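To start, the structure itself, in structure tokens.
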Amino acid sequence: YPINRDMTARALGFDRPTANSLDSVSDRDFAIEFCSFAALLMTHLSRMSEELVLWTSAQFNFIELPDRFCTGSSIMPQKK
């Protein structure tokens, strides 16, 4: 069907037709933005957790976590 987009936009009260018609009817940017935010947040949390593990090691011993927050080794129970 030959549709005049400019005439249709004026008839509906819009300034002009949209550049991308898919954006008008089916916007999916929100999903990508959420996934990007979640990936960035998880990257920061992963780096922070990695530093906590390093700081609790015997070489650094900057902090000591209580036993309730630590897992042990099944082979070496004394190891945190």
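Heads up, the sequence shown stops at 114 in my numbering, and the numbers go up one at a time, no gaps. Backbone N, C-alpha and C define an ideal beta-carbon position, used for all residues, glycine too. Values in this document were obtained by computation on a predicted structure and should not be read as measured data.
Backbone secondary structure at Ser80 - three-state DSSP: helix
Rounded C-alpha distance that separates Asn54 from Phe71: 25 angstroms
For Arg39, the three-state DSSP class (helix, strand or coil): helix
Simplified DSSP assignment, three categories, for Phe64: helix
Same chain only: Cβ atoms within 8 angstroms of Thr42, ignoring 5 sequence neighbours per side: Pro51
Span of the alpha helix (DSSP H), counted from its first residue to its last, around Leu56: Ser55 to Val59
Rounded separation between Gly106 and Gln112 - CA only: 7 angstroms
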